[in-house]
Amino acid sequence: MVRRFALRLSVLAICAWPAAAQGPASTGSSFTAADMLEINSWNVADLTRDGAWLAVTNAPRRNQLGGDFHRDTDPTYVRQSTARVWAIETATGRRVAVLPEAQTVRGATWSPDGERLALFLYRGGVFEPIIWDRRTGRSTTVKIPAGRYVAENSELRWTDDGGRLVFSLRSEAWRGEAAAHFGSLVRGPVAVQVSSEPFLSWEALRRRSTLRSVVAWDVRSGRLEDLLPTTPLTSWNLTTDGGTLTWNEDITQKTDYEATFGAETKLMARHGGGESTTVFASLKGLSISWAPDGRHYAWTREGRIYLASVDDTTSRQVAGPTGTDRPAPGDTAAVRSRASERFSVVRFSDDGSELIVSNPEGIWFLNPQSGAKEMFLATDTATTAPRYAVLAWPAKGR
0 MVRRFALRLS VLAICAWPAA AQGPASTGSS FTAADMLEIN SWNVADLTRD GAWLAVTNAP
60 RRNQLGGDFH RDTDPTYVRQ STARVWAIET ATGRRVAVLP EAQTVRGATW SPDGERLALF
120 LYRGGVFEPI IWDRRTGRST TVKIPAGRYV AENSELRWTD DGGRLVFSLR SEAWRGEAAA
180 HFGSLVRGPV AVQVSSEPFL SWEALRRRST LRSVVAWDVR SGRLEDLLPT TPLTSWNLTT
240 DGGTLTWNED ITQKTDYEAT FGAETKLMAR HGGGESTTVF ASLKGLSISW APDGRHYAWT
300 REGRIYLASV DDTTSRQVAG PTGTDRPAPG DTAAVRSRAS ERFSVVRFSD DGSELIVSNP
360 EGIWFLNPQS GAKEMFLATD TATTAPRYAV LAWPAKGR
């Protein structure tokens, strides 16, 4: 029924398109394309740790019009789709406007105490980090040094004490070079892809987006501290105490013609202002899952789960096959048994003391210290059976 209703709405909107072009949204009983453009979408951006306040955005579909889709592969381009930002008190539904009008925003994130909301606001051709104080209703703009600006794909995170805001920057020189690179590929008259070069032109352009630095802004002093110089980053993480930065650094040597956008990375760490250290020289064939503290992690290879931390990178196997023998060809029972021993990490508990893992038999709790496992959801192999995914694990872990 839902599918038929959605399809009918789409057909009505398409059929009414010429009429919609003649004037504003219809006031009659028919549903027009103009009506569809006025449908509001509401999206949850973040929830405070105590669940008392929501940060949400809302915008009509009309606000998405005007984007230049020809520039979607330009790493310097930001599609300006505007939205209102609201703080909603969950107990009462009371709604407070964070910004006075719809603007292009991204990355709204509550501080750990739930009193401040940080977000990126697009103005003057760049994103600016602003901090909105829920108690006073006032906003503070983070000043970025001349010659640098917030990276178009930057994350926005608070340290656990709420004292610093962490994000990534780029140089104005990078923006000029990236824009020129994109222009050379689309304005012709001829663009040549040369396989003798390490990277094809479009991939080389895409990889420019990994180049950025990581900085921390001190809320009290207003001082900006460089945590990591410009590096080809695919992702980064900061421990909850703010003392250690880890990142995946792109070390791809050339275009991988067997995998679309194939990339190889290594895992690096830096403690305080010390030297960078290599945790894994290559993450090829590895899957890394981080505990909420950003310090402990699990890594998986060939169905084996290992635990380690950025302080002690010596790994300890906690699940998966322990032997090296492989089942004999044609031994179906042995193959099935071997497959049931292979596990993958689903997620850590909030305090990092337990894991949820899965294998072909089901989903399990795993005690990393003892290795004890407890299945809480068995896999039903019937083709009509539902497929389950773990959405959340509350802080108390019950």
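Under numbering that gives the first Met the number 0, the letters of the sequence shown match residues 0 to 397, in that order.
Note that the Cβ used here is the ideal one computed from N, Cα and C, for glycine as well.
Span of the beta strand (DSSP E), counted from its first residue to its last, around residue i
i      : result
LEU53  : 52 to 59
SER286 : 286 to 289
GLN316 : 315 to 318
GLY161 : Segment: none, GLY161 is in no beta strand (DSSP E) and carries neither H nor E.
ASP49  : Looking at the DSSP string, ASP49 is not in any beta strand (DSSP E), and its letter there is neither H nor E.
TRP298 : 295 to 300
TRP392 : No beta strand (DSSP E) holds TRP392; DSSP gives it neither H nor E.
PHE375 : 372 to 377
VAL84  : 83 to 88
GLY113 : Premise fails: GLY113 is in no beta strand (DSSP E) and is neither H nor E.
ARG303 : 303 to 308
Length of the line joining the Cα atoms of residue i and residue j
i      : j      : result
PHE68  : PHE279 : 38 Å
TYR121 : THR72  : 19 Å
ARG83  : TRP52  : 16 Å
GLU257 : ASP249 : 18 Å
SER29  : ILE38  : 15 Å
ASP217 : ARG156 : 12 Å
TRP85  : TRP173 : 34 Å
GLU353 : THR238 : 18 Å
TRP131 : ALA117 : 6 Å
PRO231 : THR243 : 18 Å
ARG48  : ALA107 : 14 Å
GLY136 : ALA178 : 37 Å
THR264 : GLN316 : 23 Å
SER170 : ILE362 : 46 Å
GLY162 : ASP379 : 47 Å
VAL309 : MET35  : 51 Å
TYR387 : ALA377 : 10 Å
THR312 : LEU164 : 27 Å
VAL214 : THR158 : 12 Å
GLY356 : LEU282 : In the sequence as displayed, the identity of residue 356 is Val instead of Gly. In a straight line, the C-alpha of VAL356 is about 20 Å away from that of LEU282.
GLN79  : GLY66  : 7 Å
VAL191 : SER200 : 8 Å
LEU98  : ARG134 : 14 Å
ALA262 : PRO197 : 13 Å
ARG269 : VAL189 : 44 Å
GLU463 : SER167 : An answer regarding residue 463 cannot be provided, because it is not within the stretch 0 to 397 covered by the chain.
ALA44  : ARG60  : 18 Å
THR233 : THR245 : 11 Å
ALA371 : GLY272 : 39 Å
ASP255 : LEU266 : 20 Å
Buried versus exposed, by CB contacts within 10 Å (16 or more), residue i
i      : result
ALA33  : buried
SER110 : buried
LEU390 : exposed
TRP41  : exposed
ASN366 : exposed
PRO128 : buried
ASN358 : buried
PRO385 : exposed
PHE375 : exposed
VAL193 : exposed
LEU210 : buried
ARG222 : exposed
PRO144 : exposed
ALA54  : buried
THR75  : buried
ALA318 : buried
GLY284 : exposed
Extent of the continuous alpha helix (DSSP H) to which residue i belongs
i      : result
GLY361 : Unbroken run through GLY361 is the beta strand (DSSP E), 361 to 365; no alpha helix (DSSP H).
ASP71  : No alpha helix (DSSP H) contains ASP71, which DSSP labels as neither H nor E.
ASP34  : 32 to 36
Contact test: residue i Cβ vs the ligand HEM heavy atom, cutoff 7 Å
i      : result
TYR148 : No copy of the ligand HEM occurs in the structure displayed, which carries no ligand at all.
8 Å Cβ cutoff, residue i in contact with chain B
i      : result
LEU306 : Here there is only one protein chain, and chain B is not present.
Checklist entry - Should the segment 279 to 290 be called in touch with the segment 298 to 305, which here means at least 3 C-beta pairs below 8 Å? => result yes
Next on the checklist: Check whether the segment 377 to 392 and the segment 338 to 357 touch, using three or more Cβ-Cβ pairs below 8 Å as the test.
Outcome noted: Contact holds between the segment 377 to 392 and the segment 338 to 357, because three or more Cβ pairs, one in each stretch, are under 8 Å apart.
Item to check | Cβ contact (3+ pairs, closer than 8 Å) linking the segment 145 to 159 and the segment 184 to 193 | outcome: no
Next on the checklist: Is it the case that the segment 191 to 210 contacts the segment 82 to 98, given that we only count it when at least three CB pairs across the two stretches are under 8 Å?
Outcome noted: no
Checklist entry - Where in the segment 124 to 159 do unbroken runs of the beta strand (DSSP E), each at least 3 residues long, occur, reported from the N-terminal end onward? => result DSSP runs (the beta strand (DSSP E)) wholly in the segment 124 to 159: 125 to 132, 138 to 140, 147 to 149.
Item to check | Sequence ranges, beta strand (DSSP E) only - wholly within the segment 186 to 273, length at least 3 | outcome: 210 to 217, 223 to 237, 243 to 249, 264 to 270
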